[in-house]
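Following: one structure in structure tokens, then a few remarks.
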Amino acid sequence: MDPILFLIFASIAVVCGINVVVQTHPITSALSLIGVMASLAMLYLLLGAQFIAAAQVVVYAGAIMVLFVFVIMLLNAGRERKTRGSFLPRLIGPPLLIALLGSVAFVILRVVPHDAVVKFGTYTGGTVENLGRAIFTTYLWPFEITSILVLIAIVGAVALAYKELD
Amino acid sequence: MNFYLLAVIKAAVVAGVLMLTLLYLQWVERKVIAHIQVRLGPYRVGPHGLLQPIADTLKLLTKEDLLPPGVNRFYFILAPFLAITLSLVSIAVIPFGPEIRVAGVATWLQLTDLNIGVIFVLAISSLTVYGIVLAGWSSNSKYPLLGALRSSAQMISYELPLGVTVAAVLLLSNSLSLRKIVETQSAFYGGFFPAWNLFRMPFPQVFGFLVFLIAVFAETNRVPFDLPEAESELVAGFHTEYSSMKFAAFFMAEYANMVTVTCMATALFLGGWLPLWPVSLGSNYAPAAVFALAGAIAIYSGIEARQRDRHSLQAFGALFLAAGALFLVPAVQQLAAPLFWFLAKTGVLLLLFIWVRGTLPRFRYDQLMRFAWGFMFPVAVANLMITGLLVALVG
């Protein structure tokens with residue numbers, strides 16, 4: 017069951033990801049990106065990371081992408097016009113891209129030891145308890161430093177917005 | 083019994099009851115608001131207008147499904163589907179009652195218990211904004227767009243205090259599973275006072291509950307936060323251009339959201355299916371008493387009523403008395419008393435929604451935003467910090 021579900025959601029993610037680039041309308045691209053986020057959440061769920069799956073939906077699909085869609089709607093961004101472009105990149109682009117992805121996948125497979133490959137259904141450390149314990153003990157410093165970075169970003173945004181008002 | 087068969091049966095029952103509730107919630111709302119405004123409300127179709135919702139549904143089904151020129155076809159049709167689907171999903175994790183045993187089959191009165199149930203509901207409710215935003219944008223018309231913009235800003239703003247109050251509850255309950263959250267509230271202080279999260283030591287979540295209630299009013303776009311569909315400014319807001327069943331889908335989605343958030347409030351703060359006072363003090367007889375009282379009132383007001391109500395009121399009274407008598411049977415009592423408590427709490431909260439709609443005027447938009455960021459959010463954060471501190475000190 018798990019490999020089938022993985023294939024389904026992985027292919028949805030890939031198709032949506034391609035759709036983000038191919039579509040000419042910004043709203044369609046943004047919604048395809050939501051599709052990518054949602055299928056990624058399903059993949060996390062298959063791997064046993066329930067909290068991260070839910071957080072993925074809440075944070076990316078529910079908050080960040082809403083802002084994206086919001087901005088697109090406010091600017092009323094229309095369908096983008098396709099430039100004709102030159103013939104050569106279109107011809108050799110896709111094969112080169114596939115070659116690049118293939119070599120990256122090959123390198124990853126060679127570098128990462130085989131028994132470290134993720135298996136479905138074997139990982140049980142993805143509950144909220146495990147995550148909280150990890151954040152507040154092992155990874156306390158990275159966590160606190162990240163939160164300070166986010167705080168700086170917020171203060172910066174407020175400062176910039178104030179300048180605009182003057 | 084077969085797991086899949088059981089799941090299908092439970093899903094069918096829950097979906098059927100939910101749909102019936104959505105249908106008749108609208109009737110209840112119209113009746114209650116009518117009585118607040120000293121009117122009678124729907125009265126013509128069926129006794130006391132009881133068939134009015136069905137007539138309305140038939141009317142909407144048979145109406146012409148207009149597709150205005152200039153709309154973005156795909157998203158215009160997708161939006162109502164998205165709205166109704168997302169609003170119906172969350173009910174799957176709501177616990178309606180404890181484990182029951184019918185004909186040798188043990189099952190929980192809940193579709194599924196996720197160990198991230200609370201976050202699941204929050205995640206789904208954070209996605210509901212897409213239905214509204216896409217509807218407003220794809221209509222290619224200014225009022226729907228303004229309504230959708232207001233709605234998304236409002237939902238994002240009020241989601242923050244909502245999430246923070248829920249976090250305070252999680253601190254008390256130590257779990258994200260809604261079933262476990264309800265089960266941790268099952269104690270009684272001094273043998274009679276319920277240890278619901280609303281009254282739970284070390285820090286009763288009274289402020290949390292109030293903030294939660296206000297935030298869900300805004301989340302479901304209800305009065306006094308119904309700015310997205312303020313009819314005096316925006317015609318009907320995001321669903322101005324919709325007709326027929328697509329319009330009905332938005333209507334149903336709003337009511338389904340109301341049901342979901344009241345169920346959530348019941349499970350998080352009011353002890354879910356747990357009784358108000360212990361079973362040893364006879365809380366299992368409360369349903370029978372309530373139904374008997376309702377029946378007596380209906381029959382009494384049937385005596386003095388107008389000619390056309392005289393029989394219908396007495397018939398309803400007899401029905402209520404029969405339901406009360408049914409609750410005296412021990413087997414029924416065991417099964418249905420938790421369900422009664424859950425439905426009673428949810429029903430009171432739904433009535434509160436309707437009552438507020440009949441009472442309060444609408445906010446102005448700047449008031450709405452200032453209220454969210456200047457009052458609700460600080461109160462929710464203070465509540466969370468005090469709760470966390472006290473839980474750390476006591477526990």
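Going down the list, the protein sequences come from chains A and B. Numbering-wise (the numbering used here), the first sequence opens with residue 17 and increments by one. Numbering-wise (the numbering used here), the second sequence opens with residue 83 and increments by one. Each residue gets a CB set at the ideal place from its N, CA and C atoms; glycine is no exception. None of the values given here were measured: they were computed from a predicted structure.
- Going by C-alpha positions, Leu49/A is about 6 Å away from Val36/A.
- For Arg388/B, the three-state secondary structure derived from DSSP is coil.
- In chain order, Leu408 place their CB closer than 6 Å to the CB of Val414/B, counting only its own chain and leaving out the 5 sequence neighbours on each side.
- Bounds of the beta strand (DSSP E) holding Val184/B are Gly179 to Val184.
- Around Phe67/A, the same chain offers Val144 and Leu147 as residues with beta carbons nearer than 6 Å, after the five sequence neighbours per side are excluded.
- Under the DSSP assignment, Ala161/B falls in the alpha helix (DSSP H) whose first and last residues are Arg155 to Val171.
- Ranked by how close their Cα comes to the Cα of Ala46/A, the residues Tyr178/A, Phe159/A, Phe122/A and Arg95/A have Arg95/A in first place.
- Three or more Cβ pairs closer than 8 Å define a contact, and the segment 108-125 of chain B falls short of that threshold against the segment 207-218 of chain B.
- Interface flag for Ile43/A against chain B is set, since a Cβ pair is found closer than 8 Å.
- Nearest in C-alpha terms to Ala474/B, of all of Tyr337/B, Pro443/B and Phe285/B, is Phe285/B.
- Burial state of Thr154/A is exposed, judged by a 10 Å Cβ sphere holding fewer than 16 other Cβ atoms.
- For Trp355/B, there is no enclosing beta strand (DSSP E), since its DSSP letter is neither H nor E.
- Asn256/B is classed as exposed because its beta carbon has fewer than 16 other beta carbons within 10 Å across all chains shown.
- At least one CB atom of chain B sits nearer than 8 Å to the CB of Met89/A.
- Residue-level contact by beta carbon holds for Val144/A and chain B, with a gap shorter than 8 Å.
- In this structure, the CA atom of Pro129/B is about 12 Å from the CA atom of Gln396/B.
- Here DSSP, grouped into helix, strand and coil, assigns Trp437/B to helix.
- Ala169/A is outside the set of residues whose beta carbon lies under 8 Å from a beta carbon in chain B.
- Those residues of the segment 195-207 of chain B placed with their C-beta closer than 7 Å to a C-beta in chain A are Asn197, Ile198, Ile201, Phe202, Leu204 and Ala205, ordered along the chain.
- Close partners of Gly78/A in chain B (Cβ separation under 7 Å): Ala205, Ser208 and Leu209.
- Taking a beta-carbon distance threshold of 8 Å, Phe84/A does not count as an interface residue toward chain B.
- Counting other Cβ atoms within 10 Å of its Cβ, Phe445/B reaches 16 or more and is therefore classed as buried.
- A distance of 8 Å or more separates the beta carbons of Gly377/B and Leu410/B.
- With 16 or more other Cβ atoms inside 10 Å of its own Cβ, His321/B counts as buried.
- Straight across, the Cα-Cα distance linking Val476/B with Gly273/B is about 21 Å.
- Within the segment 244-303 of chain B, complete beta strand (DSSP E) segments of at least 3 residues are not found at all.
- Listed as beta-bridge partners of Thr140/A by DSSP are no residues whatsoever.
- DSSP, reduced to helix, strand and coil, places Leu410/B outside both helices and strands of the structure shown, so it counts as coil.
- Within chain B, no C-beta atom comes less than 7 Å from the C-beta of Gln39/A; the nearest is roughly 11 Å away.
- Scanning its chain for C-beta atoms nearer than 7 Å, with the 5 sequence neighbours on each side dropped, one finds around Ala54/A the residues Val73 and Ala77, in chain order.
- Counting only residues of its own chain and dropping the five nearest sequence neighbours on each side, Val52/A has a CB closer than 8 Å to the CB of Ala29, Cys32, Gly33 and Val36.
- In its chain, beyond the 5 residues on either side, Leu168 have a beta carbon closer than 7 Å to the beta carbon of Leu209/B.
- In the DSSP assignment, Val175/B falls outside any alpha helix (DSSP H) and carries neither an H nor an E.
- Looking at the DSSP output, Thr189/B sits in a beta bridge with Ile182/B.
- In the structure shown, Tyr337/B falls within a helical segment according to DSSP collapsed to helix, strand and coil.
- Any Cβ of chain A closer than 8 Å to the Cβ of Ser234/B would place that residue at the interface, and such an atom is present.
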